[in-house]
Amino acid sequence: MAATGAESGEAVAESGGYEYDVVVVGGGPAGENVAGRVAAGGLSVALVERERVGGECSFWACMPSKALLRSGHAVTAARRVDGARQAVTGDIDVSGTLRRRDSFVDQWDDRRQVDWVHDAGVALFRGSAWLAGSREVMVRDPDGTTFSLYAGNAVVLATGSVPVRPPIPGLDQVDFWDSRAATSAERAPESLAVLGAGVVGVELAQAWARLGTHVRMIESGPRPLPSAPDFAGDLLEAALRADGVRLYSDAVVNGVSSTEGSVTLELADGTEVSAERLLVATGRRAATGHLGLESVGLHEEGAVDVNEHGEVRGVPGGWLYAAGDVTGQAQLTHQAKYAARVVADVVVARATGRHVTTDAFGRYMTSANRHAVPTVIFTDPAVAQIGYSPERAEQDGHRVRTIELDMASAGAELRADGYRGRARFVIDERHQVLLGAVFVGQDVAELLHAATIAIVGEVPLARLWHAVPAFPTLSEVWLRLLESYGL
Ligand SMILES: Cc1cc2nc3c(=O)[nH]c(=O)nc-3n(C[C@H](O)[C@H](O)[C@H](O)COP(=O)(O)OP(=O)(O)OC[C@H]3O[C@@H](n4cnc5c(N)ncnc54)[C@H](O)[C@@H]3O)c2cc1C
Ligand SMILES: NC(=O)c1ccc[n+]([C@@H]2O[C@H](COP(=O)([O-])OP(=O)(O)OC[C@H]3O[C@@H](n4cnc5c(N)ncnc54)[C@H](O)[C@@H]3O)[C@@H](O)[C@H]2O)c1
Numbered sequence: 001m002a003a004t005g006a007e008s009g010e011a012v013a014e015s016g017g018y019e020y021d022v023v024v025v026g027g028g029p030a031g032e033n034v035a036g037r038v039a040a041g042g043l044s045v046a047l048v049e050r051e052r053v054g055g056e057c058s059f060w061a062c063m064p065s066k067a068l069l070r071s072g073h074a075v076t077a078a079r080r081v082d083g084a085r086q087a088v089t090g091d092i093d094v095s096g097t098l099r100r101r102d103s104f105v106d107q108w109d110d111r112r113q114v115d116w117v118h119d120a121g122v123a124l125f126r127g128s129a130w131l132a133g134s135r136e137v138m139v140r141d142p143d144g145t146t147f148s149l150y151a152g153n154a155v156v157l158a159t160g161s162v163p164v165r166p167p168i169p170g171l172d173q174v175d176f177w178d179s180r181a182a183t184s185a186e187r188a189p190e191s192l193a194v195l196g197a198g199v200v201g202v203e204l205a206q207a208w209a210r211l212g213t214h215v216r217m218i219e220s221g222p223r224p225l226p227s228a229p230d231f232a233g234d235l236l237e238a239a240l241r242a243d244g245v246r247l248y249s250d251a252v253v254n255g256v257s258s259t260e261g262s263v264t265l266e267l268a269d270g271t272e273v274s275a276e277r278l279l280v281a282t283g284r285r286a287a288t289g290h291l292g293l294e295s296v297g298l299h300e301e302g303a304v305d306v307n308e309h310g311e312v313r314g315v316p317g318g319w320l321y322a323a324g325d326v327t328g329q330a331q332l333t334h335q336a337k338y339a340a341r342v343v344a345d346v347v348v349a350r351a352t353g354r355h356v357t358t359d360a361f362g363r364y365m366t367s368a369n370r371h372a373v374p375t376v377i378f379t380d381p382a383v384a385q386i387g388y389s390p391e392r393a394e395q396d397g398h399r400v401r402t403i404e405l406d407m408a409s410a411g412a413e414l415r416a417d418g419y420r421g422r423a424r425f426v427i428d429e430r431h432q433v434l435l436g437a438v439f440v441g442q443d444v445a446e447l448l449h450a451a452t453i454a455i456v457g458e459v460p461l462a463r464l465w466h467a468v469p470a471f472p473t474l475s476e477v478w479l480r481l482l483e484s485y486g487l
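Counting from 1, one number per residue, gives the positions in the sequence shown under full-length UniProt numbering.
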């Protein structure tokens, strides 16, 4: 039951528990960042983690999936350049790729993150935690011992998300991969069926396809990434097909069964899709199970609803906060960390008697969550997007003009022979500022931050005209945008 690494909280003798200023439940990107920043603000902090400090992102999500994609992307990029192409004479070394992946996840050992937590002055408790009423968190440690942590100021929920399992007959009787299994596999399967062509599905389908696995994807929507702009899904679909991925879109799966070494999905049109492995990638939901939400008057099911300070709605007293995937907001590491910084600043300000302002884009507000959330899907082509779609912008009362163009420029041509990519900009005509941007193509991820700055800073297009893109770079698309707009 002892905390590791930090000065213990004050023992609460009569209950056998401990008191800290702040108790954080969950040590993923959100929890780690809340804890570190609150400790830097001078408060005592306990962090409770039941698996690995670093959470999903470090060990089973962002890091290993990007490492699995990287070898295929590097080789494909070389093949697109005459002169370099001729030097690529062999296949990707799968074991080298998996070795590199293993190094990025530190062999699934969280020692480095634990050291960071200790250095930050945070007390770490290993165990499963749940709320037991106002300002009280119960913890069951790995030995089964149960004890209480009391929060003098705040409790922060940062328990992340878990995969959803669609109600398909037979699915619960077969052995299938979730994203954890698919990012930590020790060999490339001969064949893989991927159910769901959303973000997890497309990234992992392409990663394994480029490592030599025969991949089939089954998606209920009309194309991969059904919630991205059509042109993004279409360009990605063409690339996945070129990688040998067979796609079944508008598909309804009626049942799943398995025989020795093979899983079969039966589609409503009579098609049967069989593979050595099945990956189910049909979305994630907030991890609120067994979190004791009912003890503070909240629903047990669903995401934890927060306001723009990260304070949980429906719980009086200003002591309960949440950040990251558990809030049902964009399920992204950088947004989890952004929310964590805001929550930490709010908690420290309230604990030290400072006024918590409510101005948009002030330090105590997650204002960017409204319409400035950047996302990169790290496939090839990558899909990088931020802000409003034209439809949402119109619904919100903006006078909208949309510009869509191919990513054709000297910078693009030099990067890859026959570079294929497309960009879309959503402009507010009344204020002549950018509201949204989408870039699809090889290596577009790094283009996104310029759009993030333009949107968050509400930079007028007339001023962006003076932000001259260096020649020859992919950023020349910005000049094409402004020229198409009429500047
Ligand atoms: C395959 C995949 C790839 C992804 N790639 C990217 C990417 O490239 N970029 C990106 O921005 N996002 C990516 N994401 C999303 C990203 O992983 C999440 O948004 C991020 O991890 C959320 O951080 P979090 O701290 O909210 O939750 P988590 O990382 O899920 O951490 C929550 C932590 O809380 C702990 N916990 C839960 N319940 C309890 C409890 N009751 N008691 C104690 N501890 C508890 C868990 O063990 C976990 O360590 C990816 C997701 C997946 C599935
Ligand atoms: N690069 C990144 O930033 C990154 C990478 C991976 C995951 N993530 C995060 O993780 C979240 C979860 O990703 P995800 O891919 O699991 O969810 P998702 O919601 O992005 O995609 C799920 C897909 O499964 C499809 N689907 C659902 N039920 C189905 C069924 N029965 N049959 C066929 N298709 C079905 C949906 O139409 C959808 O296309 C994402 O929203 C994203 O925020 C981010």
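Even glycine gets a Cβ: it sits at the ideal position worked out from N, Cα and C.
Query: CB contact flag (residue 393, residue 405, <7 Å); Result: no
Query: Inter-stretch contact (C-beta, 8 Å, three-pair minimum) for the region 186-194 and the region 305-320; Result: no
Query: Check whether residue 19 and residue 150 have beta carbons under 7 Å apart; Result: yes
Query: Where residue 485 sits in the DSSP three-state scheme; Result: helix
Query: Continuous beta strand (DSSP E) stretch holding residue 125: start and end; Result: 123-126
Query: Residue 338 - DSSP class collapsed to helix/strand/coil; Result: helix
Query: Where the beta strand (DSSP E) through residue 17 begins and ends; Result: 17-25
Query: Whole-number beta carbon distance between residue 233 and residue 225, since they are thought to touch under 8 Å; Result: 5 Å
Query: Residue 404, enclosing beta strand (DSSP E) - first and last residue; Result: 400-406
Query: Rounded straight-line distance, which links the Cα of residue 54 to that of residue 119; Result: 15 Å
Query: Heavy atom of ligand 2 within 6 Å of residue 257 beta-carbon; Result: no
Query: With 16 other Cβ atoms within 10 Å as the buried cut-off, status of residue 67; Result: buried
Query: Residues sharing a beta bridge with residue 74, DSSP; Result: Note: residue 74 sits in no beta bridge, so no partner.
Query: Exposed unless 16 or more other CB atoms sit within 10 angstroms - verdict on residue 269; Result: exposed
Query: Residue range of the unbroken beta strand (DSSP E) whose run includes residue 274; Result: 272-275
Query: Distance between residue 58 and residue 457 (C-alpha atoms, nearest Å); Result: 31 Å
Query: First and last residue of the uninterrupted beta strand (DSSP E) at residue 326; Result: Per DSSP, residue 326 belongs to no beta strand (DSSP E) and is neither H nor E.
Query: Burial state of residue 374, where buried means 16 or more other Cβ atoms lie within 10 Å; Result: buried
Query: Closest by C-alpha distance to residue 92, when choosing among 76, 199, 128; Result: 76
Query: Run of the alpha helix (DSSP H) containing residue 102, from where it starts to where it stops; Result: 94-104
Query: Proximal residues to residue 146 (C-beta, below 8 Å), its chain only, five neighbours per side dropped; Result: 138, 139, 140
Query: Segments of 3+ residues assigned as beta strand (DSSP E) that fall wholly inside the region 130-164; Result: 136-140, 146-157, 161-163
Query: heavy atom of ligand 2 below 6 Å from residue 332 C-beta; Result: yes
Query: Distance between beta carbons of residue 132 and residue 292, contact taken as under 8 Å; Result: 6 Å
Query: Residue 385 (DSSP reduced to helix, strand or coil); Result: strand
Query: Segment limits, beta strand (DSSP E) that includes residue 425; Result: 422-428
Query: Residues near residue 304 in its chain [Cβ-Cβ closer than 8 Å; skip 5 each side]; Result: 157, 286, 288, 293, 298, 312, 322, 326, 327, 328
Query: Outcome for residue 64 when other beta-carbon atoms lying within 10 angstroms are tallied against a minimum of 16; Result: buried
Query: Any non-hydrogen atom of ligand 1 closer than 6 Å to residue 463 Cβ; Result: no
Query: Residue 230 to residue 219 span [Cα, whole Å]; Result: 15 Å
Query: Option nearest residue 213 by Cα separation, candidates 436, 390, 263, 243; Result: 243
Query: Segment limits, beta strand (DSSP E) that includes residue 283; Result: Note, residue 283: premise wrong, no beta strand (DSSP E); not H, not E.
Query: Alpha-carbon to alpha-carbon, residue 60 and residue 98; Result: 13 Å
Query: C-beta atoms of residue 43 and residue 21 nearer than 7 Å; Result: yes
Query: Residue closest to residue 69, alpha-carbon to alpha-carbon, out of 211, 56, 472; Result: 211
Query: Any non-hydrogen atom of ligand 2 closer than 6 Å to residue 147 Cβ; Result: no
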